[in-house]
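The opening residue of the sequence shown carries number 0 in numbering that gives the first Met the number 0; numbering runs sequentially from there. Shown next, in structure tokens, is the structure this report addresses.
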Amino acid sequence: MTKVFKRICMCVLSLLMITTMVGCDTPKTDWSKLSDEEKIDKVLQSFERMKNGEIHIVGSMYADVIDPKEGENPVYKYETEFTGTFELRPDHVSGKYSFNGNVKDYYCDRMYSYEKNENDTQWTTSNYSIVEYNQPIGIHQDVILYFETIKDQLTLSEDSDTITVHYETDDIDFLYANDVQLIWSSLGSLGFSSNDKSGKLEIDLKMSKDNGMPVSVTITGVRDSDFYKNQKYVSEVTYSKVNSGIHVDIPSGIDNPIYQ
């Protein structure tokens, strides 16, 4: 399933590269004259064309533990937050990352992630490489490209200022095969299993009508398994200064980290 997901994305990417060469949207669009499909195209293209900007992510996990061991907390929960800047293609992300209030400096590219305590000078990294889908960029490009192939499964809502494209699925086998691509760039480590009793994922992509730029991504995942019940992960991602030319500098000391 994952190989099919990636193959579809590569085909769509080739088509979008041709499309995006035409140029950006004109400043003013008469949204009342566009069909729902055309509006969905506009939203997806705005995320596909995103190159750089500022990002803020707030994520939370909650689950009731089934049959907790003696002394074990019957509730599994955490809160994460990231505030930083990003560049895409090639990918670089830098900022402040916190897990349950513990704040660290963070930097990553497509291969490695690095972190250090705020007042330290020494960066640490992991012997594990290829962190492509763990980068805190909110939504991964492969997901946008996949959405291009299933536009008939997406729904649309709008107000005077924004348009939102909504995706949802309760296909456990698909979620099990693709949860990393779909979720982990939003700070979430929610993983589905083919043995889950139930599960569902919802993703909302919001775009500004005024300038045609991405505004936010909301990701919500729920599941019941043999280990957890009422498990719910929510991530709220907001973007600013998209495609404003922001550059992410590589922090000093990255070339000599401590491997853990």
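Virtual Cβ for every residue (Gly too), placed ideally from N, Cα, C.
**Request:** Classify W122 as buried or exposed, calling it buried when 16 or more other Cβ atoms lie within 10 Å of its own Cβ.
**Result:** Looking at its Cβ environment, which holds 16 or more other Cβ atoms inside 10 Å, W122 is buried.
**Asked** To the nearest angstrom, how far is it from the Cα of Q140 to the Cα of F46?
**Response** 8 Å
**Request:** Under 8 Å Cβ to Cβ from G58, same chain only, skipping five residues before and after it: list those, please.
**Result:** E78, T79, E80, S185, L186, G187, Y232, V233, S234, E235
**Asked** Under a Cβ-count criterion, where at least 16 other Cβ atoms within 10 Å of its own Cβ denotes burial, should G244 be classed as buried or exposed?
**Response** exposed
**Prompt:** Taking Cβ positions, are M60 and L174 nearer each other than 8 Å?
**Reply:** Taking a C-beta distance under 8 Å as the contact criterion, M60 and L174 do not qualify as a contact pair.
**Request:** Run the CB neighbour count on R222, radius 10 Å, all protein chains shown included, and call it buried at 16 or more, exposed below.
**Result:** Within a 10 Å sphere around the beta-carbon of R222 sit 16 or more other beta-carbons, which makes this residue buried.
**Message:** Counting C-beta neighbours from all protein chains within 10 Å, is the total for K50 16 or more, i.e. buried, or is it exposed?
**Reply:** exposed
**Message:** Going by the DSSP bridge assignment, what does L155 pair with across the sheet?
**Reply:** V164
**Message:** So, for Y106: in the same chain, excluding its five sequence neighbours on each side, which residues have a beta-carbon less than 6 Å away from its beta-carbon?
**Reply:** S93, Y113, P250
**Prompt:** CB-CB under 7 Å to I171, same chain, minus the five flanking residues each way: which ones, in chain order?
**Reply:** F191, S193, D195, G198
**Message:** So, at 7 Å on beta carbons, what are the nonlocal neighbours of T31 in its own chain, with the 5 sequence-adjacent residues on each side left out?
**Reply:** A small correction: the amino acid at residue 31 is Ser; Thr does not occupy that position in the sequence shown. Cβ within range, chain order: n/a, list empty.
**Prompt:** With which residues is H91 paired in a DSSP beta bridge?
**Reply:** BP columns for H91 point to E86.
**Asked** Just how far apart, CA to CA, sit N211 and L153?
**Response** For clarity, residue 211 is Gly in the given sequence; the question names Asn instead. Using only the alpha carbons, I get a separation of about 19 Å.
**Asked** What are the boundary residues of the beta strand (DSSP E) that E201 is part of?
**Response** In the DSSP assignment, E201 falls within the beta strand (DSSP E) that extends over 197-207.
**Request:** Output the boundary residues of the beta strand (DSSP E) element that contains D104.
**Result:** 101-107
**Request:** Take V64 and list the residues in its own chain whose beta-carbon comes closer than 6 Å to its own, dropping the five residues that flank it on each side.
**Result:** P73, Y75
**Asked** Beta-carbon separation of Y238 and E53 under 8 Å?
**Response** yes
**Limits of the unbroken alpha helix (DSSP H) element including S45** = Note, S45: alpha helix (DSSP H), 35-47.
**Message:** With a threshold of 8 Å on Cβ separation, who are the neighbours of E71 within its own chain once the five nearest residues in sequence on each side are excluded?
**Reply:** V64
**Message:** Could you check whether T161 and L204 sit closer than 8 Å to each other, using their CB atoms as the reference points?
**Reply:** no
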